[in-house]
Amino acid sequence: MKNAPNQASAPTNSKSYLHALFDIKNAPKRAYQLGIATLGTGFALAIYDQYLGLSVSAFLVTCFCIAILMFLILKYQQAINNLKIAIISTVCALLVLLVCLEGIQTEQYLYFFPLMVAIPILIDFKDSKLWEPLVYILLIIVSFSICIFLGFQKSPLEAFNAQEAGHLAIVNRFTAIIMTIIFASFYIIFEKKYIHELLNQSKVAIDSRTRFLSTMGHELRTPLNGIVGTLNLLKQDHRLYKDEYFQTLVYCSDHMLQQVNNILDFNRIEADKLEIHPVKVNMYQLLTNIGIPFTSTIHEKGLDLIIRIDPKLDTIMYADDLRLIQVFNNLLSNAIKFTKKGNISIDAQCVNFNVKTMEIKFVVKDTGIGIAPDDQLKVFESFEQIYDRDHNKNIGTGLGLTICVRLLKLMNSSITLQSEKNKGSQFSFNIKFERADLPMPAPGELGNFIPQDLSGIKILLVEDNEINMMVAKKILTSLKAITSCSVNGKHAIETLLNNSAYDIILMDLEMPIMSGFTAISHIKNMYPQIPVIAFTASLVDQHMLTELLESGFADCLLKPFKPQQLLSAIKKQLTQAV
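Take the sequence shown: its letter number 530 is residue 529 in numbering that gives the first Met the number 0, and every next letter is one higher.
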């Protein structure tokens with residue numbers, strides 16, 4: 000709600016002016032609206048005073064109405080700057096004169112109450128200077144005090160009997176109450192409008208930030224994909240990988256990728272665009288594979304990864320596997336980062352179950368540097384870092400654990416931290432899952448879920464960026480896949496028309512000539528048996544992922560990626576196709 004400016008420009012035409020004048024949502028015209036309401040009330044009271052035979056009172060109120068009308072005309076002609084103070088001062092003066100004329104028995108002092116309620120309508124307390132509302136309030140309080148004092152000290156000048164005084168008091172009471180209710184209602188309307196505008200502005204700001212981060216995320220991930228992919232390929236040269244500079248590049252690229260992902264995830268959560276979408280998941284299988292992306296990093300640091308899973312979890316239940324993996328990824332990333340020796344363990348135990356639900360306790364524990372008691376609350380706050388006194392520096396990004404807390408809250412859970420400095424940390428949380436009405440897999444059916452290569456698998460890679468295409472093709476070739484390439488959706492369809500014997504299609508979304516969004520509909524119509532994995536650096540939230548799945552994509556793989564993530568995504572589709 001914006002306050003009416005002191006200077007007002009003359010309206011261009013009378014029609015538009017009158018329309019704005021009587022629009023209660025038009026903040027710059029509220030002083031006019033108060034003046035018109037006061038003018039109408041004054042004329043009505045003048046007529047009633049004359050009806051009662053109170054000629055002096057009627058004449059005084061009429062003079063008051065003429066004064067208000069004069070102020071409105073002068074303001075319209077821009078001859079005066081502040082219409083509010085003119086109207087309020089005139090009303091206060093009139094009420095003081097009326098109490099001298101009629102005494103306190105007609106209760107005209109009650110009009111100070113609607114006048115006081117009108118102050119927040121005329122003045123925006125959020126933007127105005129403090130002295131402005133204080134001047135108006137002080138003027139009303141002083142005038143009210145004078146009226147009460149004079150009413151009890153002076154005899155009324157106007158001669159009328161008790162019956163006439165009673166009638167006039169009833170009219171004044173009724174009118175004052177109605178005006179107070181009307182002004183209070185207007186104030187509520189204006190405040191609701193102000194809050195609504197604030198919410199709209201906040202939503203626009205969040206949407207703008209989301210679009211900006213989405214665009215920047217795509218622009219950052221595209222070159223990162225080339226950097227991370229090339230480094231993953233160079234890791235195969237063990238002589239080079241031992242080089243200190245090469246290891247620095249690997250660390251920096253992984254760290255930068257984690258920061259980009261955390262910022263984008265945090266942005267989705269802040270924009271309230273993240274929802275939980277449970278699907279049927281074998282929890283034992285999911286937890287068995289949870290540490291695969293971190294295996295090489297853990298071995299390189301000389302750590303042990305221990306995974307203990309309750310055999311009861313070898314069943315199908317409803318869970319948002321993507322968000323659960325995201326929680327574990329953040330916890331494992333922190334554990335690996337802050338653990339120099341020893342081990343990292345993942346425990347999953349069934350603590351309560353029945354026919355419909357199963358409650359599982361998850362624990363991620365490490366033997367790292369630990370967290371001091373004073374810092375244990377800080378680690379869950381956004382952008383808070385912990386000061387490591389041993390190394391005289393801040394550590395952590397302040398986002399990973401915040402994201403875990405937000406995701407677990409969506410799953411009706413919370414995280415608990417137990418830690419001791421230099422002795423490690425333990426993060427635990429309980430989640431209750433609904434059990435799916437599916438038979439349990441046969442013993443030994445789980446087996447090794449991620450084979451070591453893609454021997455004999457034919458893959459069509461659709462990518463317009465030359466560097467990304469080179470990196471992905473090299474990784475697929477190193478996994479022994481038979482890979483063909485297309486530069487856009489149109490070229491991919493032409494390739495499939497010549498030869499459709501492909502097991503998997505990896506397709507970028509943003510491409511010239513024909514994007515992946517357009518190409519998927521043609522491919523699924525012609526070759527519905529071929530799984531298509533969206534291959535993108537865009538910011539993919541749950542809403543976009545749902546749209547991708549509904550449009551025909553089997554899954555979505557974000558760039559940059561690691562070879563194990565690509566292998567896992569492909570094998571997941573091949574296993575489902577069998």
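Backbone N, C-alpha and C define an ideal beta-carbon position, used for all residues, glycine too.
Could you tell me the distance, in whole angstroms, from the CA atom of residue i to the CA atom of residue j?
| i | j | result |
| --- | --- | --- |
| LEU407 | ILE430 | 8 Å |
| THR174 | SER184 | 15 Å |
| LYS457 | ILE370 | 49 Å |
| PHE352 | VAL362 | 18 Å |
| PRO132 | ILE118 | 7 Å |
| THR179 | LEU94 | 16 Å |
| LYS489 | SER413 | 48 Å |
| LEU137 | LEU409 | 51 Å |
| GLU549 | PHE534 | 16 Å |
| GLU509 | CYS349 | 44 Å |
| ILE139 | GLY34 | 16 Å |
| THR37 | GLN162 | 26 Å |
| LYS153 | LEU96 | 12 Å |
| VAL134 | ASN81 | 13 Å |
| ASN333 | SER427 | 14 Å |
| LYS558 | VAL486 | 17 Å |
| GLN325 | CYS403 | 8 Å |
| LYS280 | ILE368 | In the sequence on display, residue 280 carries Val and not Lys. Near 34 Å, if we compare the C-alpha coordinates of ILE368 and VAL280. |
| TRP130 | LEU114 | 18 Å |
| PHE516 | VAL354 | 42 Å |
| LEU44 | VAL60 | 7 Å |
| CYS555 | ASN342 | 32 Å |
| LYS339 | LEU376 | 23 Å |
| ALA471 | TYR501 | 17 Å |
| ILE466 | ILE522 | 25 Å |
| MET469 | SER201 | 43 Å |
What whole-angstrom Cβ distance do residue i and residue j have, given they're in contact under 8 Å?
| i | j | result |
| --- | --- | --- |
| ALA480 | LEU459 | Not quite, the Cβ-Cβ distance comes to about 11 Å (not below 8 Å), so this is no contact. |
| ILE291 | SER567 | 7 Å |
| ILE289 | PHE327 | 5 Å |
| ALA85 | PHE70 | 5 Å |
| ALA347 | LEU312 | 6 Å |
| PRO530 | ILE474 | Contact flag wrong, Cβ pair sits at about 18 Å. |
| THR89 | ILE72 | At roughly 14 Å, the Cβ-Cβ gap does not stay under 8 Å, so THR89 and ILE72 are not in contact. |
| VAL98 | GLY150 | 5 Å |
| GLN104 | ALA164 | 5 Å |
| GLU618 | GLU101 | Outside the displayed span of the chain (0 to 577) sits residue 618, for which this structure offers no information. |
Let me confirm a value: residue i is counted as buried when at least 16 other C-beta atoms fall within 10 Å, else exposed. Which label applies?
| i | result |
| --- | --- |
| ARG405 | buried |
| PHE58 | exposed |
| ASN524 | exposed |
| GLU433 | exposed |
| SER120 | The amino acid occupying residue 120 in the given sequence is Ile; Ser does not appear at that position. Burial call: buried. |
| ASN329 | buried |
| GLU299 | exposed |
| PHE182 | buried |
| PHE63 | buried |
| THR287 | buried |
| ILE46 | exposed |
| SER424 | buried |
| GLN284 | buried |
| ASN171 | buried |
| SER454 | exposed |
| LYS422 | exposed |
| LEU53 | buried |
| LEU547 | buried |
| GLY446 | Note that GLY446 has pLDDT 38, beneath the 50 cutoff, so the model's placement of it is unreliable and the number below is only indicative. That one is exposed. |
| PHE148 | exposed |
| TYR50 | exposed |
| GLY493 | A small fix is needed here, since residue 493 is Glu in this sequence, not Gly. It is exposed - the Cβ of GLU493 has fewer than 16 other Cβ atoms within 10 Å. |
| LEU167 | buried |
| ALA318 | buried |
Which one or two residues does DSSP pair with residue i in a beta bridge?
| i | result |
| --- | --- |
| ILE402 | For ILE402, which the question treats as bridged, DSSP gives no partner whatsoever. |
| GLU281 | Glu is not the amino acid found at residue 281; the sequence shown has Asn there. ILE315. |
| CYS349 | ILE359 |
| THR415 | SER427 |
| GLU433 | TYR317, THR356 |
| ASP365 | ILE343 |
Taking 8 Å as the cut-off, is the beta-carbon of residue i closer than that to any non-hydrogen atom of the ligand GDP?
| i | result |
| --- | --- |
| ILE345 | Because no ligand of any kind appears in the structure shown, any question about the ligand GDP cannot be addressed here. |
> Quick one: complete alpha helix (DSSP H) runs, 4+ long, within the segment 60-133?
Replying inline: Counting only runs of 4 or more, we get 82-101, 111-121.
>> Quick check for students: name the residue ranges of the alpha helix (DSSP H) that lie wholly in the segment 520-573, counting only runs of 4 or more.
In response: 541-550
>> Please give the ranges of any alpha helix (DSSP H) in the segment 294-347, keeping only runs that are unbroken, at least 4 residues long and fully inside the region.
In response: 294-299, 320-336
> What are the uninterrupted segments assigned as beta strand (DSSP E) that are 3 or more residues long and contained completely in the segment 437-519, given in chain order?
Replying inline: Fully enclosed beta strand (DSSP E) runs of 3 or longer: 457-461, 481-485, 503-506.
> Curious, which full-length alpha helix (DSSP H) runs of at least 4 residues does the segment 175-210 contain?
Replying inline: none
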